[in-house]
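Q:
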Amino acid sequence: MPELPEVETVCRGLRAALVGCRLVRVTVRRPDLRFAFPKRFAERLQGRRVVAIGRRAKYILAELDDGAIWMTHLGMAGRMVLGSGSLNEVGLHEHVTIETDDGQHVRYIDARRFGFMDLFPKAGLDAHPRLAGLGLEPVGADVAPLTGPVLAGLFAGRLAPLKAALLDQRLIAGLGNIYACEALFRARLSPTRIAGTVTGARAARLAEAIRSVLEDAIAAGGSSLRDYVQTSGELGYFQHSWAVYGREGEACPACNCDRRVTGGINRLVQSGRSTFFCVKRQR
DNA sequence: CTTTCGTCCTGACTGC
DNA sequence: TGCAGTCAGGACGAAA
251 MPELPEVETV CRGLRAALVG CRLVRVTVRR PDLRFAFPKR FAERLQGRRV
301 VAIGRRAKYI LAELDDGAIW MTHLGMAGRM VLGSGSLNEV GLHEHVTIET
351 DDGQHVRYID ARRFGFMDLF PKAGLDAHPR LAGLGLEPVG ADVAPLTGPV
401 LAGLFAGRLA PLKAALLDQR LIAGLGNIYA CEALFRARLS PTRIAGTVTG
451 ARAARLAEAI RSVLEDAIAA GGSSLRDYVQ TSGELGYFQH SWAVYGREGE
501 ACPACNCDRR VTGGINRLVQ SGRSTFFCVK RQR
């Protein structure tokens, strides 16, 4: 489910509901998500008040009143679902349940168990092994804007295909497979182009495309793939705005070329991931 | 150093 | 309808 826009959507839902609340009961049902929970996770979380909730790349970071950070990564299929009232049924794959002092609860549901949680002192935030190597944050009010020259600087000298460079979290943090494809389409750049050749006007187009596709997706509440839902249980709807992702064989929505003219949306596999692109428009 | 590949896990979908 | 095979949003760690 979650790339940056979906994580941001979940973050906003959690922030609105949980900031100011005390976490009065924490139940962990499976100790074996992607990584083991830290020692005494539930006991340490229990009784803490949530001070703030933010996001770095695809990580949800909740600051607690004892100076700790509660980190959640949703992996490929993780969901945070808010509710209130009785908790008589435990859902399938509901690995963590947290109840608050004002009668709400948040359930962490993750069929594939690729997600994980951590709990550590805020002083160690910048040095956290999952965060320390992350690259630029592409959107957000409190980050330096991603510009063409900045992007060109990141890619300078890189021989990797552009698509692979976009997925490299050490360069730009938070882009995933879907939005990397969509950004390349908006920027009219080929996914197979050598990353280091993206300079000048091309870099400016790509920087703008990355920002705009992420912002548009956040505004739409993210993309719903299979069972993705927001914390409220509502569906995001940006998947209807995908121009190329999952559209192999269709005509290009921008130039309308299709297979009869050896164009249209093609699919190829790059470093094990599907890439969708218009062979005519993206160069 | 850079880059690719296999891997973790379950569920949904496709095609026979 | 059943069943085997394929694929999926991420990211780590081994290997080349």
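Everything in the first sequence is counted per the working numbering, starting at 251 for the first residue and increasing by one. Ideal Cβ positions, reconstructed from N, Cα and C, are used throughout, including at glycine.
Taking the beta strand (DSSP E) that Val529 belongs to, which residues open and close that run?
A: Run containing Val529: none; DSSP gives neither H nor E here.
Q: In this structure, how does DSSP classify Glu313 when only helix, strand and coil are distinguished?
A: Per DSSP, reduced to three states, the secondary structure at Glu313 is strand.
Q: Just verifying my parser: in three-state terms, what is the DSSP assignment at Thr322?
A: strand
Q: With distances taken between CB atoms, is the gap from Leu375 to His355 smaller than 8 Å?
A: no
Q: Who are the Cβ neighbours of Glu258 in its own chain at under 7 Å, not counting the five residues just before and after it?
A: Arg305 and Ile468
Q: With burial defined as no fewer than 16 other Cβ atoms inside 10 Å of the residue's Cβ, what is the status of Lys308: buried or exposed?
A: buried
Q: With a 10 Å radius around its C-beta and 16 neighbouring C-beta atoms as the bar for buried, classify Lys413 as buried or exposed.
A: Residue burial annotation: Lys413 is buried, with at least 16 other C-beta atoms found within 10 angstroms of its C-beta.
Q: Spatial neighbours of Gly513 within its chain, please: C-beta separation below 6 Å, excluding the five flanking residues on both sides.
A: Cys507, Val529 and Lys530
Q: So what does Leu518 bridge to, in DSSP terms?
A: Thr525
Q: Leaving aside the five residues before and after Pro388 along the sequence, list all residues of the same chain whose C-beta is less than 8 Å from its C-beta, in chain order.
A: Leu254, Leu396, Ile422, Ala423, Gly424, Leu425, Ile460, Arg461 and Leu464
Q: For Leu332, is the classification buried or exposed, using 16 other Cβ atoms within 10 angstroms of its Cβ as the cut-off for buried?
A: Leu332 should be labelled buried.
Q: Indicate the three-state DSSP secondary structure (helix, strand or coil) for Ala391 in the structure shown.
A: coil
Q: Write down every uninterrupted run of the alpha helix (DSSP H) in the region 427 to 458 whose length is 4 residues or greater and which is fully enclosed by it, in chain order.
A: Qualifying alpha helix (DSSP H) stretches, in chain order: 427 to 437.
Q: For a test of the three-state rule: what should DSSP assign to Asp282, helix, strand or coil?
A: strand
Q: If you run the structure through DSSP and keep just helix, strand and coil, what is Asp477?
A: A caution first: Asp477 carries a pLDDT of 45, below 50, which makes its placement in the model too unreliable to give a value.
Q: Just tell me which of Arg284, Lys289 and Leu311 has its CA closest to the CA of Leu268.
A: Leu311
Q: What is the DSSP secondary structure of Ala414, counted as helix, strand or coil?
A: helix
Q: For Arg380, which three-state DSSP category applies?
A: If DSSP states are grouped into helix, strand and coil, Arg380 belongs with coil.
Q: Do Tyr495 and Ala470 have their beta-carbon atoms positioned less than 8 Å apart in this structure?
A: no
Q: On a CA-only basis, which of Arg298, Gly317 and Asp368 is nearest Lys289? Give me that one, please.
A: Asp368
Q: Assess contact between the region 390 to 407 and the region 430 to 441, defined as three or more Cβ pairs (one per stretch) separated by less than 8 Å. Is contact present?
A: Judged by Cβ distances under 8 Å, the region 390 to 407 makes no contact with the region 430 to 441, as fewer than three pairs qualify.
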